[in-house]
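So the working numbering is basically just the index in the sequence shown, starting at one, shifted up by 1162.
Glycine included, each C-beta is placed from N, C-alpha and C at the ideal position.
Below you'll find the structure, written out as structure tokens, and then a few comments.
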Amino acid sequence: MRGYFRVSLMKKIGKYKVIKELGKGATSVVYLAKDPFANREVAIKLVQPEMLENKEYGKRFRKLFLAEAALAGKLSHPHIAAIYDAVADDDDNYIVMEYVNGGTLEELARPDNLLPISKVIEVIFKSCKALDHAHRHGVIHLDIKPANILMAGGTDIKISDFGAALYASAETTQVSGVGSPAYMSPEQCQDMPLTVQTDIFSLGVVMYQLLTGSLPFKANNNYSVVFQIINTDPPLPSVLRPEIPSSVDLIVRRALYKPLEKRYQNWDELSQDLVKCFSEIGRPGLALPDTEKFAAVRGLPFFRNFADADLWQALNVATWSRVEPQTEIIAEGDEGASFYVLIAGEVKVTRGGKLLNVLRTGECFGEMAWLSRKQAKRSASVVSISGVSYIEIRPEALANAPQACRHQFTDSFLELLVDRLDAADTRITQLLKERSTVTTSGAGV
């Protein structure tokens, strides 16, 4: 009996217990299920058998299915929906994915339900970083659209559905005709060679739609849409939503340029422009957007060896604070195990009222208590000199971070300790020389 019908009768797909149906399309059915071994809920995309048997489309569809299945366990990023498992045999063809219970960006691409402009920038920035991670692993998505970007809470998103993906290292050629017409790049429409700039164009379309509630290229049929993508330029987003600033208009326009030499060349270029435009947009409320947090932390020496995925995980477990001058952050004698990284400003370190050190942007404090892995009495006080921004990371929070992220912290601390030992050794050597000079001078008197 085919796997599709066995689901209805047994309520199981392989080892996974089916909870309910989440959705059904022309080619597959998606179920919410329970993984009994990992004790977590998962989403399972089960291919309808007739799709693989179809004489006209079966071979092409199997190629797309196997392309997505091949990604199982390979793209680990907080803004990419994980693929845990995949099965492709005579009875069953399904992919087991991370379950994200928040809907898709389609809900936020309607004129009556638009996000604030600053939130759109955050969503697009996180999408950039996720797609850059995929590209660095040789993967181009080729089907970026709101339906394939899942909402994970707030402005957190997860890119999904890599069925159309192109692999830079693959020996086979790309499958033509994939992608959703309204979001396709001019290169896709003309069956030209595809690069990362194809995904940049598609994300530009998504950004346009999230900002305005309207597609930049739309018509009564796909042929007319394709003609517009190849031949016409859409109105700037601000034409449809006047409060959109010029910096955002320029980003969308550059992402949607038809000539490749004028379009963004890579994800870094687009990400940097998104960060810059925050200064023109302004921020509603006091909360610092994740986009600005990421950009601020990325520039610090302590985090220079963190991969983007690990840096996002670090921000997820960190508590971000800002204090006024003369605020005590750590009190000598208090117990604690957190460590801190100074994002901006200066702090003084004192013991018994005597100044020991002044720390500046990018430096750490409190790490000795953390390295001991237990609550310990603080040996010094730390007080802000200027207005200070810092992050605090508690051991119990870091313990829940992925292993790669924890290892990066350990490596950074070892590098920090080595640098401090080198500095102390240099200072001791200098003091010994000074003492030797004074002694020699005294002996000659």
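- Around the C-beta of I1413, 16 or more other C-beta atoms lie within 10 Å, and the residue is accordingly described as buried.
- In this structure, K1320 is the residue among L1276, H1297, D1305 and K1320 with its C-alpha nearest to the C-alpha of S1289.
- For M1313, the uninterrupted beta strand (DSSP E) run begins and ends at I1311 to G1315, by DSSP.
- Comparing alpha carbon positions, the residue from S1551, A1314 and P1278 closest to V1509 is S1551.
- Judged by DSSP secondary structure, F1379 falls outside any beta strand (DSSP E); it is assigned neither H nor E.
- According to the DSSP secondary-structure assignment, T1266 is paired through a beta bridge with L1312.
- As DSSP reads the structure, S1551 sits in a beta bridge with R1484 and A1506.
- DSSP places K1455 in the uninterrupted alpha helix (DSSP H) bounded by D1452 to R1460.
- Collapsing the DSSP output to three states places K1177 in coil.
- Boundaries for N1428: no alpha helix (DSSP H) harbours it, and the DSSP string shows neither H nor E there.
- With fewer than 16 neighbouring CB atoms inside 10 Å of its own CB, P1198 falls in the exposed class.
- A Cβ-Cβ contact shorter than 7 Å links V1511 with V1544.
- As a beta-bridge residue in DSSP terms, Y1256 pairs with L1208 and V1249.
- Non-local C-beta neighbours of W1474 in its own chain, meaning closer than 6 Å and more than five positions away in sequence, comprise P1240, ordered along the chain.
- Contact between E1284 and T1317 is confirmed by a C-beta separation of about 4 Å, below the 8 Å threshold.
- Contact between S1347 and D1305 is ruled out by a C-beta separation of about 11 Å, above the 8 Å threshold.
- Close CB contacts of V1479 within its chain, under the 7 Å cut and outside five residues either way in sequence, are with I1555, A1559, L1560, N1562 and A1563 (chain order).
- D1247 and R1403 have their alpha carbons spaced roughly 43 Å apart.
- As the crow flies, the alpha-carbon of V1368 is around 41 Å from that of E1577.
- If you compare the alpha carbons of K1424, T1489 and G1528 with that of E1497, the shortest gap goes to G1528.
- The alpha carbon of I1242 has as its nearest neighbour, out of G1265, L1293 and A1231, the alpha carbon of L1293.
- Burial state of L1462 is buried, judged by a 10 Å Cβ sphere holding 16 or more other Cβ atoms.
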